[in-house]
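Here the sequence shown is numbered in the numbering used here, starting from 2 and rising by one per residue.
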Amino acid sequence: MCLAPVEIATVSAEKVNLLSAYKIYWYLNSVGMRYLCPMKLIDTHTHLYLEEFEPDRAEMIGRAVDAGVGIMMLPNIDSSSLEPMLKLAGEFPGHCFPMIGLHPTSVKENYREELSLVEKMLQAKNFYGVGECGIDLYWDKTFAREQEYVFRHHIELAAGSGLPLVIHIRESFNEVIRILKDVNNPHLKGIFHCFSGSVEQAKQATGLGFSLGLGGVITFKNNKMQETLKHIGLEHLVLETDAPFLAPVPYRGKRNEPAYIPLIAEKVAEITGIGVEEIAEATSANAMRLFFPEGKAYKTEN
Ligand SMILES: [Zn+2]
């Protein structure tokens, strides 16, 4: 019984359905036979198509699968990342799943053009989320108004398609909450990517039906999120790397990759006092519910 999911998880060249391996894992967990099957984790946010991975992309994905991270969700950045992202998803079906969106730091003079490409792609191909979108007031506020316009448009696209939103909130948590409250659509779902706010902020986000994305930052010394985490239920959490950025300790400052997701899971286990297997099971189940809801058929290829 144990062999089937392990085999499926490692045969990436064949077009197998890895999702069934995850389902077997949760079934074994639910009937108390967790020991029969290795831990399964999901990296809900990783930019593996970027040039940082050019020299060893296949090996890096192999390391992720070996570490139990068989599913990697790819948020888009802009028109320049679209082709490499779709190529990667095509090369690793069942492992790499693309999303479509315009990153807030890519909102410039040509944002209308970029936005119409997002719309066109969403109609033409199969995507698993709307993102990376949101607002970034850390790097540059020049296009703050345009960023809001673009974000609101992404919310409409998510509402229309039923896909989850993957939201970037750098120095913009209050703006994002204001917009989501203004839109006031109870059917919206998604992730506050790289969340590291207060308990009150966490409750605001989860109160709107959103999950919190935890990444390498949680392993950094004295990070505020370590305290917040103690007050937030597991049902609201998903794991992410944001690779190649924000590598967890002990790789802080180096290139990040999905194989480091277990380090984040272990840190969450240490902070909350909950077993790492339970963290893996809950966060992966939360991610599956968001990106692969029951009853919705997905192709593994574009
Ligand atoms: Zn990102």
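Think of the CB as a built atom: it goes at the ideal place given N, C-alpha and C, for glycine as much as any other residue.
Since we're looking at a predicted model, the values are computed, not measured.
Distance cut-off 7 Å: residue i Cβ against heavy atoms of ligand 1
{"i": "residue 46", "result": "yes"}
{"i": "residue 85", "result": "no"}
{"i": "residue 79", "result": "no"}
{"i": "residue 76", "result": "yes"}
{"i": "residue 52", "result": "no"}
{"i": "residue 243", "result": "yes"}
{"i": "residue 188", "result": "no"}
{"i": "residue 155", "result": "no"}
{"i": "residue 133", "result": "yes"}
{"i": "residue 237", "result": "no"}
{"i": "residue 1", "result": "Nothing in the structure corresponds to residue 1, since the chain is present only between 2 and 303."}
{"i": "residue 194", "result": "yes"}
Chain-order list of residues whose beta-carbon lies under 6 Å from that of residue i (same chain, five-residue window excluded)
{"i": "residue 134", "result": "102, 152, 155"}
{"i": "residue 12", "result": "For residue 12, the predicted structure reports a pLDDT of 37, less than 50, and the residue's modelled location is therefore unreliable. A value from the coordinates is still provided. Taken in chain order, the list of residues that qualify is empty."}
{"i": "residue 249", "result": "217, 220, 261, 264, 265"}
{"i": "residue 284", "result": "238, 239, 240"}
{"i": "residue 186", "result": "160"}
{"i": "residue 144", "result": "108"}
{"i": "residue 207", "result": "237"}
{"i": "residue 347", "result": "Lying outside 2 to 303, the shown extent of the chain, residue 347 is not represented and no answer is given."}
{"i": "residue 269", "result": "280"}
Residue-chain proximity (residue i, chain B), Cβ-Cβ < 8 Å
{"i": "residue 68", "result": "The chain inventory of the structure shown lacks chain B, comprising one protein chain alone."}
Cutoff 7 Å; reference residue i; Cβ partners in own chain excluding five residues on either side
{"i": "residue 227", "result": "219, 272"}
{"i": "residue 274", "result": "none"}
{"i": "residue 139", "result": "171, 172"}
{"i": "residue 1", "result": "This structure gives no information on residue 1, because the portion of the chain shown stretches from 2 to 303."}
Closest residue to residue i among the options (Cα-Cα distance)
{"i": "residue 79", "options": "87, 72, 73", "result": "87"}
{"i": "residue 312", "options": "43, 121, 107", "result": "The shown model of the chain, from 2 to 303, leaves out residue 312, and the question about it has no answer."}
{"i": "residue 123", "options": "107, 147, 173, 163", "result": "163"}
{"i": "residue 200", "options": "283, 188, 93, 225", "result": "225"}
{"i": "residue 179", "options": "202, 159, 188", "result": "202"}
{"i": "residue 46", "options": "169, 142, 112, 118", "result": "169"}
{"i": "residue 276", "options": "235, 289, 244", "result": "235"}
{"i": "residue 173", "options": "149, 254, 231, 278", "result": "149"}
{"i": "residue 204", "options": "189, 192, 137, 233", "result": "233"}
{"i": "residue 49", "options": "269, 208, 92, 118", "result": "92"}
{"i": "residue 74", "options": "288, 295, 294", "result": "288"}
{"i": "residue 53", "options": "120, 82, 177", "result": "82"}
{"i": "residue 293", "options": "130, 63, 84", "result": "130"}
{"i": "residue 89", "options": "55, 69, 110", "result": "55"}
{"i": "residue 67", "options": "259, 290, 295", "result": "259"}
Same chain only: Cβ atoms within 8 Å of residue i, ignoring 5 sequence neighbours per side
{"i": "residue 116", "result": "103, 151, 154"}
{"i": "residue 247", "result": "195, 216, 217, 218, 257"}
{"i": "residue 112", "result": "103, 144, 147, 150, 151"}
{"i": "residue 1", "result": "In the structure as shown, the chain starts at 2 and stops at 303, and residue 1 therefore has no counterpart that could be examined."}
**Report entry** Length-filtered (3 minimum) beta strand (DSSP E) runs lying within the segment 139-177
**Finding:** Complete beta strand (DSSP E) runs here, min 3: 166-169.
Requested in this report: Within the segment 183-207, note down every full alpha helix (DSSP H) run reaching 4 residues or more, in order along the chain.
Outcome: Qualifying alpha helix (DSSP H) stretches: none in this window.
**Report entry** Cβ contact check for the segment 229-243 and the segment 256-269: 3 or more pairs under 8 Å
**Finding:** Between the segment 229-243 and the segment 256-269, the count of C-beta pairs closer than 8 Å reaches three or more; the two stretches touch.
Report task. Kindly provide the ranges of any alpha helix (DSSP H) runs that are 4 or more residues long and lie completely inside the segment 225-280, ordered along the chain. Result -> Within the segment 225-280, the complete alpha helix (DSSP H) runs of at least 4 residues are 226-230, 262-273.
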